[in-house]
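Notes for the one structure printed next.
In the numbering used here, the protein residues as written are -14 to 242.
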């Protein structure tokens, strides 16, 4: 379990690095992962909050703590009021503090803060893994200055998953035989052992409207290390098999959420 204390430490360090304009994307992404562990919904319009006083290179610095978090024992804190309402829309304390600490920078003036806030809220409230993952990546991209049109493209948040064709011991199987991905992700099949192999989707085992011919291989992979890759944009279950070894039970399933 992650304590509020360690969460606040990470948040404070992130805000400090944002002030210095260092490694914004990397540190912001790490903060998003921690933030997702704390489902903080329904913030009040105005909350009593504290600034933590610390000394950095001989200078006194104030770092904002989340509303409701108590001053760490042995430290000095200063009271403040944080207005959560911004432009008639509630914004997360993390977004407000980022905006305040970057208010005079060229990057801050170019960022779409409402979109960052919307994506952060989705990471906290969505019950769907793919929605949370994609929202987190979009928020991190927006915070580093990537254009809204770019982060909203299906390919931006996409990932790749790997499947071996033939096990290391030479068994005629797909490894793994079942994988789950998100819409927009790509699967890469690699000819491992026992080839030739291919990937053919069952016409009766794929979502309606998806072309079986378009997503299936029209040839075979003969050399070890050869690959075949395909991006999937339609949710549903996809049953597929290796045509030369279907009789040996070389079948698998792909789940796109």
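Don't be surprised by glycine CBs; every beta carbon is placed ideally from N, CA and C.
Check	Outcome
Option in 174, 179, 38 and 116 with minimal Cα separation from residue 154	179
Alpha-carbon to alpha-carbon, residue 41 and residue 236	59 Å
Under 8 Å between C-beta atoms of residue 186 and residue 197	yes
Contacting residues, own chain, Cβ-Cβ under 8 Å from residue 114 (five flanking each side not counted)	167 and 242
Buried/exposed call for residue 142, threshold 16 Cβ in 10 Å	buried
Spatially closest choice to residue 233 from 204, 209, 151 and 195, by CA coordinates	151
Complete beta strand (DSSP E) runs within the segment 159 to 240 (minimum length 3 residues, chain order)	163 to 166, 171 to 176, 212 to 216 and 221 to 226
Three-state secondary structure (DSSP) of residue 145	strand
Three-state secondary structure assigned by DSSP to residue 6	Because the pLDDT at residue 6 is just 43, under 50, the model does not fix this residue reliably, and the value given afterwards should be weighed accordingly. Three-state DSSP puts residue 6 in coil, outside helix and strand.
Beta carbon of residue 184 nearer than 8 Å to that of residue 174	yes
Inter-residue spacing [alpha-carbon to alpha-carbon] between residue 171 and residue 147	9 Å
Supposed contact pair residue 63 and residue 47 - C-beta distance, whole angstroms, cut 8 Å	6 Å
Minimum Cβ-Cβ distance from residue 220 to chain B less than 8 Å	Absent from the structure is chain B; it holds one protein chain and no more.
Through-space distance from residue 204 to residue 119, alpha-carbon basis	34 Å
Burial state of residue 126 (16 or more Cβ within 10 Å)	buried
Proximal residues to residue 207 (C-beta, below 8 Å), its chain only, five neighbours per side dropped	176, 180 and 181
Selected residue, minimal CA-CA separation from residue 99, among 124, 220 and 193	124
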